[in-house]
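In the working numbering, the protein residues as written are 434 to 763. So the structure is just underneath, and the comments pick up after that.
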Ligand code: 3EB
C-alpha cells in the first residue's frame, strides 16, 4: 500500500469556513473540526462539530494518486487503488431508536465497503450527541455499542478484524461516523496493560465495544500506527477519578505501551515518531487545557496537538487522547 500523507494544516477552521479551499483530486478527506457551516456537498469534507480548544482544526488526508469520490446513497466516499475513506451522518431525528439506527448505519457502511472492494476496516471515528444520556444499559453510548456489535461483531473470529476507533460525545445532535478501510487488512494491536475492549465484562454494558486498541498499517514506504481513543483505563477499570492530569499520564502510558507492542509484533524495534495527537477534554475540565498541552508536548515531542471539547463515553473520565505515529520500514 502506498503511504497516505495526513497532516494538520496550520490554518484555522474559522478561516476555512469563510474562505473555501479548493480540494484537488489527491484529497481523500478534509476533516474540519469545529466547523458546522455548509461546505458544498463534497463527500470528502467531514464536519466534526466539537469546539476547537487549541490547534489547527483541519486534518487533511491526501493520496499519492488521484482519488475517485462521490456519494453512494447517504454515504460519502473517496478511494484510490488501496484505501477508501468515507462518512455517514445521521440526524438526531434518525437516532430515536439508537441501537437500531447504529446497527443500520454500520451495516450500510459494511455493505459499501464490500461493494467497492475494500472489505477491511482500519479506523473509525464516531461522534455521538449526548453520549452519556440515559441511565445504565439505556445510556446512548451503550446503545451505540450494542448496535455496532450487532453489525460488525459476533461472527467467528470477529475479534481479529476490528478497526481502531474513537467514540466521543458531541452536543449538536446526531451521529457522525467517518472511517478508513483497505483492500488489504492492517495489523490489529492490543494493549497488554488493558483488557481488550471486545472482552470487557458485563458491567460496562450488554455488549462489549467492537474496536481494537490500534491498527498498524503497512504502507509501501513506512509503517503507520493509528492509535484508538485511549483513556485512563488499566485492566478494564477507569483510574484516577477526579484527577485529570493523572488520567492524562495514564493515557500516555497506554499509548506508549501500544507503540512498544507494535514494535514487538513487527519483530524489530521500530522508531516510532508521533505525528499527530488529539486531546478530547470534557467542558467541565476546560481549565486543565494548558497543563494537558504541556504534558502532551513533553511526552509526544514534535507531534501536532489538536485539543477538542468533547464528552468521554465513561462518565467517570475527564479526557481521552488519540494519536498516530509513523516509522521507517527497514
Ligand atoms: C475505553 O478504553 C475508552 O467504543 O469505539 C475508546 C475508544 C473508548 C473507542 C469505542 C471507546 C471507543 O474503553 C472508551
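Glycine is no exception: its CB is placed at the ideal position from the N, C-alpha and C atoms.
| For residue 660 versus residue 647, is the C-beta spacing smaller than 7 Å? | yes
| task | Specify whether the stretch 539 to 559 and the stretch 722 to 730 touch according to this definition: at least 3 beta carbon pairs, one from each stretch, less than 8 Å apart. | result | no
| request: Return the chain-ordered list of same chain residues with a C-beta closer than 8 Å to the C-beta of residue 483, the five sequence neighbours on each side being excluded. | output: 466, 467, 560, 601, 603, 713, 741, 742 and 743
| said: Nearest by alpha-carbon distance to residue 504: which of 473, 514 and 590 is it? | reply: 473
| request: Pull up the CB-CB distance for residue 510 and residue 456, whole angstroms please, since I reckon it's below 8 Å. | output: Rounded, the Cβ-Cβ distance is 14 Å, inconsistent with contact.
| task | Any chance you could list the residues with Cβ under 5 Å from a heavy atom of the ligand 3EB, keeping chain order? | result | 598, 600, 642, 644, 661, 662, 664, 666 and 746
| Roughly how many angstroms lie between the CA atoms of residue 478 and residue 596, to the nearest whole one? | 22 Å
| query | Can you give, in chain order, each stretch of the beta strand (DSSP E) that sits fully within the stretch 532 to 620 and has at least 3 residues? | reply | 553 to 562, 597 to 603 and 608 to 615
| request: Please specify which runs of the beta strand (DSSP E), each continuous and at least 3 residues long, are wholly inside the stretch 643 to 721, giving them in chain order. | output: 647 to 651, 655 to 663 and 706 to 714
| From residue 756 to residue 530, what does the alpha carbon distance come to, in whole angstroms? | 32 Å
| said: Let me check understanding here. Comparing Cα to Cα, which of 508, 516, 488 and 719 lies closest to residue 651? | reply: 516
| message | Taking a contact to mean a Cβ-Cβ separation below 7 Å, would you say residue 754 touches residue 692 in this structure? | response | no
| said: Our contact map puts residue 575 next to residue 535 with C-beta atoms below 8 Å; I'd like the distance itself, whole angstroms only. | reply: Contact doesn't hold; Cβ gap of about 11 Å is too wide.
| task | Taking residue 685 as the reference, give the member of 671, 583, 670 and 728 with the closest Cα. | result | 728
| said: I need the DSSP call for residue 723, collapsed to helix, strand or coil. | reply: helix
| query | Closest by CA to residue 717, which one among 669, 677, 624 and 552? | reply | 677
| task | Work out the CA separation of residue 497 and residue 480 for me, nearest whole Å. | result | 24 Å
| query | From residue 640 to residue 620, what does the alpha carbon distance come to, in whole angstroms? | reply | 24 Å
| message | With H, G and I counted as helix, E and B as strand and the rest as coil, what does DSSP make of residue 623? | response | coil
| Apart from the five residues just before and just after residue 446, which ones in its own chain have a Cβ nearer than 7 Å to its Cβ? | Residue placement at residue 446 is flagged as unreliable, the pLDDT there being 29, under the threshold of 50; a coordinate-derived value is accordingly withheld.
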